[in-house]
Amino acid sequence: MTAQATLPTTSTAPTARQVWTRTRGITLAVVLILVAAVAMAAVRSTARHGELDPRSADPYGSHAIARLLSDRGVSTRVVTTLGAARSAAGPDTTLLVAVPDLLTSRQQTELHTATAASGGRTVLVAAGSSSVQRLAPGVTADPATSAGTTLAPDCALPEARRAGSADTGGIRYTTSRLDADSCYFSARLATLLRIPAASGHGDTVVLGAPDILYNDRLDQQGNASLALQLLGSRPHLVWYLPSLSDAAATDTGDRKDFLDLLPSGWLWGTLQLFVAAVLAAFWRARRFGPLVPEKLPVAIRASETAEGRARLYRKANARDRAAAALRSTTRTRLAPLVGVPVTQAHTPEALLPALSAHLSGDGQALRSLLFGPPPGDDAALIALTDQLDALEREVRRS
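In this note's numbering, the protein residues as written are 2 to 399.
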């Protein structure tokens, strides 16, 4: 008995090295993006911790101005709810709203109603267009910010004239109030406004940038002088930091959606990335031309090619394509044997009568064999292969 040699099989599944080679570029890009995101989050969380919080001694905190005010007899109290801010409004109180844009339109209206007739001072820090019109009626925020940060007062407001140049550059404002004091101009638009109340001795101060309140900017220019005068005109300072703990912020009647919470810079950045991706795709697509046949660097045996193609058909469960390839090849080889041109080998009207003349079989069986439907399973495909081989052998013997 002779032992039949077993041929080694070649796996078509990619190896771990091949998978890594194909995906390492994308994997490294994702890793770099994640590392950059973590690094940016860490830097921002360190540098901006406690921003505009009078209890924070970090660079962007405001503990220094609160300490200076305390030395001058002005008490500072931090509140985080709208109810506490409204109840604290009074003639002897300065109410500072740190981030007015975080308030909903209903909160802004309620806060303005409480402060308009209180007789005290309200300071709005970097109020944007979504909040300044409700908290300071008659004031409009310009879409473009100032080019510089340090500006000269250029006004008759005593506090500004005594302080001199200060870092108020940021959001710029216009007002229709003729009795308003406009200071620190950038391109003829003010970055600081003082609007007197309609009745009483109260007023509202709109500040275009929070820089004069930061710990690390307080000792520059006239920032300390301007901040002390704006916040120290009353014996009590209430520092309102809007937060998620504010019960009024959960009002479903005026809830902001996800896009309202995103800064405008992120939306513009996303749009730019989308345009860049479209341009990159268009650039890469132009590089793809028609397929160019190339000679194989080595000769591959026909049996290996047939085996590899058969495995692909089996993996894709493509019995119809396999059967069509077998029938087409058989018809091409049979046509010259029965005197039919190769160009008409796939035409039943030309091939079948010529085959019937050389064979004694049923013409209908030949039609089903050479032009029939695809097999339903693997066993039927194997049977079809055997029948096609038998037909070709019979024609060659005839």
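Yeah, the Cβ is synthetic: ideal placement off N, Cα and C, and Gly gets one too.
What you are looking at is a predicted structure, and each value in this text was computed from that prediction instead of being measured.
Rounded separation between residue i and residue j - CA only
i, j, result
"Arg189", "Val207", "16 Å"
"Tyr241", "Thr205", "15 Å"
"Ala48", "Tyr174", "Per-residue confidence for Ala48 stands at a pLDDT of 48, beneath the threshold of 50, marking its modelled position as unreliable; the derived number appears in the next sentence. Cα to Cα, Ala48 sits roughly 28 Å from Tyr174."
"Gly62", "Asn224", "14 Å"
"Gly377", "Glu395", "26 Å"
"Leu335", "Pro298", "33 Å"
"Arg302", "Leu382", "24 Å"
"Gln108", "Val80", "15 Å"
"Cys156", "Ser166", "11 Å"
"Arg328", "Leu371", "6 Å"
"Asp1", "Leu229", "Lying outside 2 to 399, the shown extent of the chain, residue 1 is not represented and no answer is given."
"Leu422", "Ala277", "Coverage of the chain is limited to positions 2 through 399, which leaves residue 422 absent and any answer about it impossible."
"Glu308", "Thr271", "49 Å"
"Ala281", "Leu356", "58 Å"
"Ala6", "Ser304", "The predicted position of Ala6 is uncertain, since its pLDDT is 41 and thus under 50; a value taken from the coordinates is nonetheless stated next. Using only the alpha carbons, I get a separation of about 16 Å."
"Ala38", "Gln273", "18 Å"
"Pro197", "Ala181", "7 Å"
"Leu392", "Pro294", "35 Å"
"Ala351", "Gly340", "10 Å"
"Ala249", "Arg18", "Caution is warranted here: a pLDDT of 48 is assigned to Ala249, below 50, making its placement in the model unreliable, and the coordinate value is therefore given only provisionally. Cα to Cα, Ala249 sits roughly 57 Å from Arg18."
"Gly149", "Asp59", "24 Å"
"Asp379", "Leu268", "56 Å"
"Ala142", "Gly129", "6 Å"
"Arg312", "Arg320", "11 Å"
"Ala164", "Ala137", "24 Å"
"Ser361", "Arg322", "30 Å"
"Ala40", "Tyr314", "49 Å"
"Gly26", "Lys296", "29 Å"
"Leu193", "Asp168", "11 Å"
"Thr10", "Thr16", "Because Thr10 carries a pLDDT of 46, less than 50, the predicted location of this residue cannot be relied on, and the following value inherits that uncertainty. In a straight line, the C-alpha of Thr10 is about 15 Å away from that of Thr16."
"Ser183", "Arg56", "31 Å"
Residue i, buried or exposed, once every other Cβ within 10 Å from all chains shown has been counted against 16
i, result
"Asn216", "buried"
"Leu292", "exposed"
"Arg310", "exposed"
"Met318", "This sequence places Asn at residue 318; Met is not what is there. When all chains shown are included, Asn318 counts as exposed."
"Ala115", "buried"
"Thr330", "exposed"
"Val20", "exposed"
"Ile66", "buried"
"Val98", "buried"
"Gln222", "buried"
"Glu160", "buried"
"Val31", "exposed"
"Pro144", "exposed"
"Leu152", "buried"
"Pro92", "exposed"
"Gly121", "buried"
"Val133", "buried"
"Val279", "exposed"
"Gly373", "exposed"
"Pro337", "exposed"
"Leu389", "buried"
"Val36", "exposed"
"Leu158", "buried"
"Ala300", "exposed"
Beta bridge counterpart(s) of residue i as assigned by DSSP
i, result
"Leu125", "Val98, Val207"
"Phe372", "None, per the DSSP bridge assignment."
"Leu238", "Thr77, Thr95"
"Leu152", "Ala167"
Opening and closing residue of the beta strand (DSSP E) in which residue i lies
i, result
"Tyr174", "174-176"
"Ala358", "From DSSP, Ala358 is part of no beta strand (DSSP E) but of the alpha helix (DSSP H) over 349-359."
"Ala90", "Segment: none, Ala90 is in no beta strand (DSSP E) and carries neither H nor E."
"Ala191", "190-197"
Range covered by the alpha helix (DSSP H) that runs through residue i
i, result
"Val133", "130-136"
"Ser414", "Absent from the model: residue 414. The displayed extent of the chain is 2 to 399, so no value can be given."
"Val140", "Unbroken run through Val140 is the beta strand (DSSP E), 140-142; no alpha helix (DSSP H)."
"Tyr314", "303-316"
"Ser106", "106-117"
"Asp182", "Per DSSP, Asp182 belongs to no alpha helix (DSSP H); it is in the beta strand (DSSP E), 182-187."
"Ala159", "In the sequence on display, residue 159 carries Pro and not Ala. Counting along the chain, the alpha helix (DSSP H) containing Pro159 begins and ends at 159-164."
"Asn224", "224-232"
"Val329", "Before going further, note that residue 329 is Ser rather than Val in the sequence given. Segment 320-338, the alpha helix (DSSP H) holding Ser329."
"Ala145", "Looking at the DSSP string, Ala145 is not in any alpha helix (DSSP H), and its letter there is neither H nor E."
"Arg398", "379-398"
Inter-residue CB distance, residue i and residue j (contact presumed, cutoff 8 Å)
i, j, result
"Arg368", "Pro342", "That belief does not hold up - the Cβ atoms of Arg368 and Pro342 are roughly 19 Å apart, past 8 Å."
"Thr176", "Val126", "Contact doesn't hold; Cβ gap of about 17 Å is too wide."
"Gly170", "Ser147", "4 Å"
"Ala86", "Leu112", "6 Å"
"Val100", "Leu238", "Actually they do not touch by this definition, with Cβ atoms about 17 Å apart."
"Leu385", "Ala326", "Not quite, the Cβ-Cβ distance comes to about 11 Å (not below 8 Å), so this is no contact."
"Pro243", "Leu53", "Not quite, the Cβ-Cβ distance comes to about 11 Å (not below 8 Å), so this is no contact."
"Ser234", "Thr95", "6 Å"
Proximity test, residue i beta-carbon vs the ligand NAP heavy atom, cut-off 7 Å
i, result
"Gly62", "This structure does not include the ligand NAP; it has no bound ligands of any sort."
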